[in-house]
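Enquirer: The numbers in UniProt numbering rise by one with no breaks, and the one at position 157 of the sequence shown is 157. A single structure is presented below for examination.
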Amino acid sequence: MQTSSIPTDELEMRLRHLEAIVSSPSRIPSSSSSSSSLLESLDNIVTRFRELQDGDPAIEEFIRKYAALRNWLRDDSNDLERAFLDTAAVKEIILASADDIEQAGTRLSELESLKDEVDSPLLKDLSKFIPQFSPLEARYMEQRRIATNQKERYLQQLDSYNAFIDSTSRLFIHYHQVLSMTEDLVTAAEKRAARKIE
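The following block contains the structure:
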């Protein structure tokens, strides 16, 4: 396999950059440390990436989809699978994923910025406030029960009032009919009396 034309120094600098993104400061090896070999750096990145994978649903989803397609994508005649990858080739493969690793690091930074919000005294004391909601909830339910009963009583009284108004209206109509009939009878009696006098 043909190695990359990128100078080794530049590859190492980009590798350090990736380490700085995915690792905490205490885990970043010094560039001047003789005990930190390239393979150790790659191992650190792989280890940290696995930690990110466990905590990032997007990465886990990608790995799951890749695992489902891995056998289909595999080509046993591919020389790359049977070839031994040298250090430069491994670095090139890892650096090709630099954007994804940087995005994961950015997400970690965003989560770190939320630490103060999560650790706020209000959220820490929230468990102490929860028992205080029970009396308020009970009081609200009692007030709601009283209001419901008052509403039902009001509707019953309103129905009774409407029934009274309807009965009274019917009574006045009947009374008016009786007066009209009485007036007609009186008028007829007066006419008969007038005829007798004549």
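Cβ coordinates follow ideal geometry from the N, Cα and C atoms, glycine included.
Given this structure, state the Cα-to-Cα distance separating Glu61 from Lys128, to the nearest angstrom.
Expert: Near 38 Å, if we compare the C-alpha coordinates of Lys128 and Glu61.
Enquirer: Below 8 Å between beta carbons: does that hold for Arg107 and Asp54?
Expert: No, the pair does not count as a contact, with Cβ atoms beyond the cut-off.
Enquirer: On a CA-only basis, which of Arg195, Arg14, Leu155, Glu152 is nearest Ala88? Give me that one, please.
Expert: The candidate whose alpha carbon is nearest that of Ala88 is Arg14.
Enquirer: Report yes if the C-beta distance between Leu52 and Ile59 is below 8 Å; otherwise report no.
Expert: Yes, the pair counts as a contact, with Cβ atoms nearer than the cut-off.
Enquirer: Buried or exposed for Ala104, going by 16 or more other Cβ atoms inside 10 Å?
Expert: The residue in question, Ala104, is buried, as its Cβ has 16 or more Cβ neighbours within 10 Å.
Enquirer: Within 10 Å of its beta-carbon, does Ile94 have 16 or more other beta-carbons around it, so buried, or fewer, so exposed?
Expert: Per the 10 Å Cβ criterion, buried.
Enquirer: For Ala96, which of helix, strand or coil comes out of DSSP?
Expert: Ala96 falls in the coil class under three-state DSSP.
Enquirer: Can you give the Cα-Cα distance for Leu155 and Lys115, rounded to whole angstroms?
Expert: Those two C-alpha atoms are separated by around 55 Å.
Enquirer: Helix, strand or coil for Asp166, going by three-state DSSP, please let me know.
Expert: Note: Asp166 maps to helix in three-state DSSP.
Enquirer: Can you grab the Cα-Cα spacing for the pair Thr148 / Asp166, in whole Å?
Expert: Going by the C-alpha atoms only, they are around 27 Å apart.
Enquirer: Is it the case that the Cβ atoms of Phe49 and Ile101 are separated by a distance below 8 Å?
Expert: The answer is yes: Cβ separation under 8 Å.
Enquirer: In whole angstroms, what is the alpha-carbon distance linking Ser180 and Gln143?
Expert: Cα to Cα, Ser180 sits roughly 55 Å from Gln143.
Enquirer: Distance check for Ala68 and Ala96, CA to CA, integer angstroms please.
Expert: Distance between the alpha carbons of Ala96 and Ala68 is about 22 Å.
Enquirer: Can you find the residues in the same chain that come closer than 6 Å, C-beta to C-beta, to Pro25, ignoring five residues on each side of it along the sequence?
Expert: Low confidence applies to Pro25: its pLDDT is 47, below 50, so where it sits in the model is not reliable, and the reading given next is rough at best. Once the five neighbours on either side are set aside, Pro25 has no close Cβ partner at all.
Enquirer: Under 6 Å Cβ to Cβ from Arg27, same chain only, skipping five residues before and after it: list those, please.
Expert: Since pLDDT at Arg27 reaches only 47, below the 50 mark, its modelled position is unreliable, and the value read off the structure follows with that caveat. Correct list: empty, nothing qualifies.
Enquirer: Look up Leu114 in the DSSP assignment and say whether it is helix, strand or coil.
Expert: Coil.
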